[in-house]
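Peer 1: Sequential numbering of the sequence shown, starting at 942, is according to the working numbering.
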Amino acid sequence: MKANFMTIFIGIFLIFCFIFTTFKNFKTLRADNYKQLAIALAIGIFSLSLLIFFYYIRGVDIEKPTILLKLLRFLKN
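1) Short of 8 Å in beta carbon distance, which residues of its chain neighbour S988, apart from the five on each side in sequence? Order them along the chain.
2) Comparing C-alpha positions only, which one of R1014, I949 and F959 sits nearest to A981?
3) To which residues of the same chain is T948 closer than 8 Å at the C-beta, ignoring the five residues directly before and after it?
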């Protein structure tokens, strides 16, 4: 499964910026704005995790020790 890295990154970035620009004035944050901010941050973190997931699906060479594989080996021991 091949995924175009830049297309996914630009799409995620635009969605996150669109949600984040709903805040006009950061000095007058109320409870409903905190809820929107939490939703925007959750979507941003979820989309970035999907971006990392698709990046690893795109091609991880098992012979090269990546950070993820080093972490998995460390956790096994």
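Note that CB positions come from ideal geometry on N, CA and C, so glycine has one too.
Peer 2: Per the coordinate set shown:
1) Taking the first residue of the sequence shown as 1, we reach residue 988 at position 47. Counting only Cβ-Cβ distances below 8 Å, and skipping sequence neighbours, we find I953, I956 and F957.
2) Looking up residue 981 in the sequence shown gives position 40. Of the listed residues, the one whose Cα sits closest to A981 is F959.
3) Within the sequence shown, the letter at position 7 stands for residue 948. Within the same chain, no residue comes within 8 Å of T948 by CB-CB distance, once the 5 residues on both sides are set aside.
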